[in-house]
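And the structure:
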């Protein structure tokens, strides 16, 4: 006897296309202020990003990972969270920090090589930057499990890259969240590249790609919950889908995996040279699809955007970022902090080493 | 400012200039790209770290520059061209010389003082080391040899496998090993014993006094002082003193007399340091105090500048603080002469141990009425027995006697004490 | 003869072995088309194709676990872990399997694997990109640990590691990847594993070091020489198995020893070396064996990294202490 006992389906959602046309059926109900805020935050992210790149080239901060072109993923997702939801980033979600009221100064301090940057304000409810990719998935899952245990209405929102979905921790994290039906939402920032390794490979049957799964969203099905793919450059789609996923989680209906399909139009980090492996033609096609351009068109159609608004938003972003840079550059790290935060209390060894350093 | 080439990508040490995007005199904004460089990893555009005018660019297309080299100078608008210190870049100034630490000062010192990041100290620091061939010696023994000035490579070893032992080293130096081993009798053989570990102040005292006896050559000069007149004087002044809150004992008078004697015989107010007799020009008199924790010797500083009342008050103050163990270190240091009053418990003469490294110590016995022949007739006089132990390396018996006589003269005649003659 | 940097010498070694032995494969993240994030495999993909130089998905335990099996199956994998701080997920596979296969099967199955990665601080890198995890590997029986400090040694040692029948952890000091050039012979040659090198002779104190610290020790030795102290500098090159013979001969001669490493002091390799020296040479010591090491804290972000790292200054202070003991 033989019969099909399981099959799966993965939806793809786009609400706003590159020309700024909106799918009225799916258009989320956002107020004018909220729509303008979405735009504002994407501009802030872009201005921050451009500034950070320049600072790295000037030797004023260290290696930096750009988020140019992926603003919709970060802004849309973070905007959908409520204040009490916790966010688990890796290292590209700069604006998520800013949206949680972490000062620009902190980010510049972090990328500028000081742990003081990740001394986050209270109740920012966001984890520090995570370099070992994929490991944050377990943190998102574990936190969601804690929320459920403590009967809180909070959810966790975890960001991972497409490459992170290959790690053991990612799979373990999803499995944990799934088995406990924890209030977790996992957002994959699928920008098609893991430094030089592409997401898909059509030309041969041997390696050269991150995974042969048709979508990354479908990985959720293995763990018992839904996966959805959205246009990662469409902030309305990202917002809408993540919002629904969070609400579903909050109602106790379990986790969701949201794959934001986008493209990395910058080097992996400032230490990378993508001209060695990408096709400039493809890159430029994606530049045309970038999130801010289409959202601007959408806002224009809704009469929510004009030159004055643009100028004000740009000016505010520049002021905010430049102020943060200035403050960060005036900050002097305390060398004795190296010893004072390893444990709650200094161990005899650390006391001795601290004294030795001071002499 | 000189804009130096930063490390653009994790371990980059140099880059090649592809092309300059600005020239001398151009105005630039902060973050405006000014040059294109090729590194081992990628081609990058480098922006300006500040707004201003490009005063001078260094290097042209095809040139190799190293991280840290000056790329260009950016100045304020209108600033005259300043030539940077070439492509090599300026060397960082070497920081100020740290204070030189003497080699004897061993306790926890780091040794070679810095001298800048990779810089060299101008002053050569004398590393104390004994040049010797590899010799099998336990570290403790090696240290002992160093202290005794023995070259281990010249010592015959009597230990296992010809190993050089402590005894070998001690014999080679001709001195007894510093650490007195103590008797090797087993006391339990003869009966029950109670063992109490030597520690704390008791141990300190033991160590201090052992050192004193081992080092100074101690001789004691003894005499009686007729303090009858002084006693009457004191009785007279006692009440007034009490009114002023001062408990007037004989001690302040003795202190005063000692100071005058020390001034007359400065060699008694000295210490032997190596080959030098260090005569102190200050007079800090230590007063031995018996405290529950043991014997302490707080110091009355600058006794020569104090009146009798002031000396009395100070003695009281430091004695009290000693008994309550609240006395500060500075009041226990710097003594030049010590007085110990054992007479309160009885006793006549003694051979007190010098409070090393001082030269002498004066012990006061019990003052008592004695029958003294004066001009053929027996009179009852108040007599104070005193014992002066002194370091015979520094002074001789004759001087010691003269010194005691001087004290005597002042204590037997209060006028002389008051007037200072 | 060509003058190569360390990273170029690594590539040269891989090139030689890929050419010589068809069973040798190179695998890791971004090692193929991209040539490695430090360009350690630059050009090899083009020369040998995607069946010999393989880009893998992102998963360190995956890379090493798969490599272990490939090694048992008769291939000679040279797996790259992109950065020191990412070796931790691979430790499960290394400690539970790579280190134990030969012992577990009494030699029926062996694991001739090389895991190479850039290690150490000093290049203002991100968190987890500055670690010195050698202690974990040295402590695990069954693994060998090799650390070159010059281009000549890098090529020779890597070739030896690839030809070695046991799993070798090959740690490349990224701080000096490109810092200087050395003459490196074009042909394949080996530098024997398990042999230290006296890079500078001296009679007053022995400095023991590896990787990027060798240069720091040489700088400190230069300064000490000005003050009449002749330091002998030993570059261990292989940490496990360690050439104690060379160490003992030197310390017996000088009577004084300072071990320098970036890894935190507590249970850094200096601790083992110090323990062995005092076991063997107590009677020849004129001072305790000192260690100049990282503090017992996580490696700080780069603003404070210079406070943390051993420097010629710190090394000189230690020399001073043992000389004046």
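Residue numbers (my numbering), protein chains in the order written: chain A, -14 to 344; chain B, 1089 to 1509; chain C, 527 to 851. We put the CB at the ideal spot given by N, CA and C, even for glycine. Values in this document were obtained by computation on a predicted structure and should not be read as measured data.
Close to chain B, meaning a Cβ-Cβ distance shorter than 8 Å, are the following residues of the region 702 to 724 of chain C: 703, 704, 705. Contact of residue 610 of chain C with chain A is not assigned, every C-beta pair being separated by 8 Å or more. For residue 256 of chain A, the chain B residues whose Cβ falls inside 7 Å of its Cβ are 1097, 1098, 1129, in order along the chain.
In chain C, no part has a C-beta under 9 Å from the C-beta of residue 1132 of chain B; the shortest such distance is about 15 Å. When beta bridges are read from the DSSP output, residue 143 of chain A appears opposite A:73, A:171. Remark: C-beta atoms of residue 668 of chain C and residue 625 of chain C approach each other more closely than 8 Å. Neighbours of residue 1119 of chain B across chain A, judged by C-beta separation under 7 Å: 36, 39. The C-alpha of residue 774 of chain C is placed about 8 Å away from the C-alpha of residue 806 of chain C. Looking only at B:1163, B:1387, B:1391, B:1234, the smallest Cα-Cα distance to residue 1421 of chain B is reached by B:1387. In the DSSP assignment, residue 1142 of chain B is bridged to B:1162. Taking 8 Å as the cut-off between beta carbons, the residues of the region 1130 to 1154 of chain B near chain A are 1130, 1131, 1132, 1133, 1134, 1135, 1136, 1137, in sequence order. The beta-carbon of residue 1227 of chain B is placed no less than 8 Å from the nearest beta-carbon of chain A.
Taking 8 Å as the threshold, the shortest C-beta distance from residue 1222 of chain B to chain C falls below it.
With its beta carbon less than 8 Å from one in chain B, residue 810 of chain C belongs to the interface. Close partners of residue 262 of chain A in chain C (Cβ separation under 8 Å): 559, 560. Boundaries of the beta strand (DSSP E) harbouring residue 1312 of chain B: 1306 to 1314, taken from the DSSP string. Chain-order list of chain B residues neighbouring residue 45 of chain A: 1094, 1137, by C-beta distance under 9 Å. Beta-bridge annotation (DSSP): residue 1384 of chain B is paired with B:1377. With respect to residue 195 of chain A, residue 244 of chain A sits apart: the two C-beta atoms are not nearer than 8 Å. Runs of alpha helix (DSSP H) with 4 or more residues, each lying fully within the region 85 to 151 of chain A, are found at 89 to 96, 120 to 134, listed in chain order. Any Cβ of chain B closer than 8 Å to the Cβ of residue 564 of chain C would place that residue at the interface, and such an atom is present. Its chain contains 126, 129, 130, 133, 240 as the residues whose beta carbon lies nearer than 7 Å to that of residue 167 of chain A, once the 5 sequence neighbours on both sides are disregarded; these appear in chain order. In the structure shown, residue 299 of chain A adopts helical secondary structure according to DSSP, grouped into three states.
The contact set of residue 1101 of chain B on chain C, defined by CB atoms closer than 7 Å, consists of 704, 705 in chain order. Against chain B, a Cβ distance below 7 Å from residue 251 of chain A picks out nothing, because the smallest value is about 12 Å. Across the structure, residue 711 of chain C and residue 527 of chain C are spaced so that their CA atoms are roughly 6 Å apart. Residue 652 of chain C and residue 603 of chain C do not touch by the CB rule: their CB atoms are close to 27 Å apart, not below 8 Å. Taken through DSSP and simplified to helix, strand or coil, residue 726 of chain C comes out as strand.
For residue 578 of chain C, no chain A residue has a C-beta closer than 7 Å to its own C-beta; the minimum C-beta separation is roughly 11 Å. Relative to residue 1379 of chain B, the option among B:1399, B:1289, B:1282 whose CA is nearest is B:1289. No Cβ-Cβ contact shorter than 8 Å links residue 551 of chain C with residue 620 of chain C. Taking the Cα of residue 59 of chain A as reference, the smallest distance to any Cα among A:282, A:254, A:75 is reached at A:75.
Looking only at B:1091, B:1339, B:1440, B:1382, the smallest Cα-Cα distance to residue 1455 of chain B is reached by B:1339. Nearest CB-CB separation between residue 535 of chain C and chain B: not below the 8 Å threshold. The alpha-carbon separation between residue 1363 of chain B and residue 1485 of chain B amounts to approximately 21 Å. In this structure, A:93 is the residue among A:93, A:-7, A:10 with its C-alpha nearest to the C-alpha of residue 307 of chain A.
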